[in-house]
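A short worksheet on the structure shown next.
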Ligand code: NAD
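In the working numbering, the protein residues as written are 291 to 546.
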């Protein structure tokens, strides 16, 4: 029996990486999905790779824009009639530099995408789910939302803020049977990690990856599918009594 039969899932950052892999798993489990991402062409490629056109809606939108956030939620409801699952996942890594060398514009951009984005998503999705009296929201934070590390102050700040958003929203939404949890991946093999590895040591990304891997007890990076499996659990009724919680999916890194 598919675990998300007839459910409607909305996924931001859905054209690549963790978002796209989660869309693939959700479709396999019987859901229909709306993918939100910045560029139409990336979304078209992603939708093609997923196959089933009738079950996939794409919306080009910037999650940090209030107008776009209202629009991607509206278009999803217009097409599918409801939203059962919201994977509030789009994010950017920001610049790799010591805190004192970070430019305020760079800080503001990371906060806009990684904090204002999820906040706006919640503001628009919660009324839909609370009216339905059901729904599951999964916010993507990071291991960087549970502990610090050098040279990523804006990103770390933004991902800790996602924990606050998750707790605040979970408490307000619980009375309407809407759950809100966060997932906290350690390094995952996606475009974002390639960019961070290069940011740490331009031209020496492979060495950075090898070094980072030694800090992960299970001895490897995560794959997008590792994260998608956890998101599926939190999206499904198997987690019906879980809300306001933080889930590391990190090969043991948070335990170190
Ligand atoms: P990715 O770069 O492969 O995918 C992110 C997607 O988000 C891209 O398709 C991008 O276009 C989209 N996006 C970026 N800004 C956007 C905006 N303003 N509006 C709409 N879409 C936007 O990265 P990923 O690794 O799949 O990252 C997904 C989430 O996982 C992010 O929130 C990231 O911080 C988090 N995360 C990633 C890792 C990792 O190691 N890859 C670890 C922990 C947490």
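We put the CB at the ideal spot given by N, CA and C, even for glycine. Every value quoted in this text rests on a predicted model; they were computed, and no experiment measured them.
field: As assigned by DSSP and simplified to three states, the class of residue 436
entry: When DSSP states are grouped into helix, strand and coil, residue 436 belongs to the coil group.
query: So, is residue 403 buried or exposed, given that buried needs 16 or more other C-beta atoms within 10 angstroms?
result: buried
- request: Measure the Cβ-Cβ separation of residue 472 and residue 406 and say whether it is below 9 Å.
  value: Here residue 472 is not near residue 406, since their CB atoms are 9 Å or more apart.
Beta-carbon proximity list for residue 432, same chain, < 7 Å, skipping 5 on both sides: 449, 474 and 475
- prompt: Do residue 376 and residue 411 have their CB atoms nearer than 9 Å?
  reply: yes
field: residue 328: CB within 8 Å of a non-hydrogen atom of the ligand NAD
entry: Because some heavy atom of the ligand NAD lies under 8 Å away, the Cβ of residue 328 counts as near it: yes.
query: Can you check whether the CB of residue 327 is closer than 9 Å to the CB of residue 348?
result: Yes; because the gap between Cβ atoms is below 9 Å, this pair is in contact.
message: Can you tell me whether residue 408 is buried or exposed? The criterion is at least 16 other CB atoms within 10 Å of its CB, across all chains shown.
response: buried
query: In or out: residue 390 buried (at least 16 other Cβ within 10 Å) or exposed?
result: exposed
- request: Since I believe residue 517 is in contact with residue 308 (beta carbons under 8 Å), could you give me their beta-carbon distance rounded to a whole number of angstroms?
  value: 5 Å
field: Sequence-distant residues of its chain with Cβ nearer than 6 Å to residue 482 (five each side left out)
entry: 383
- request: Would you check whether the ligand NAD has a heavy atom nearer than 8 Å to the C-beta of residue 511?
  value: yes
- prompt: Cβ of residue 481 versus every heavy atom of the ligand NAD: is any distance shorter than 8 Å?
  reply: yes
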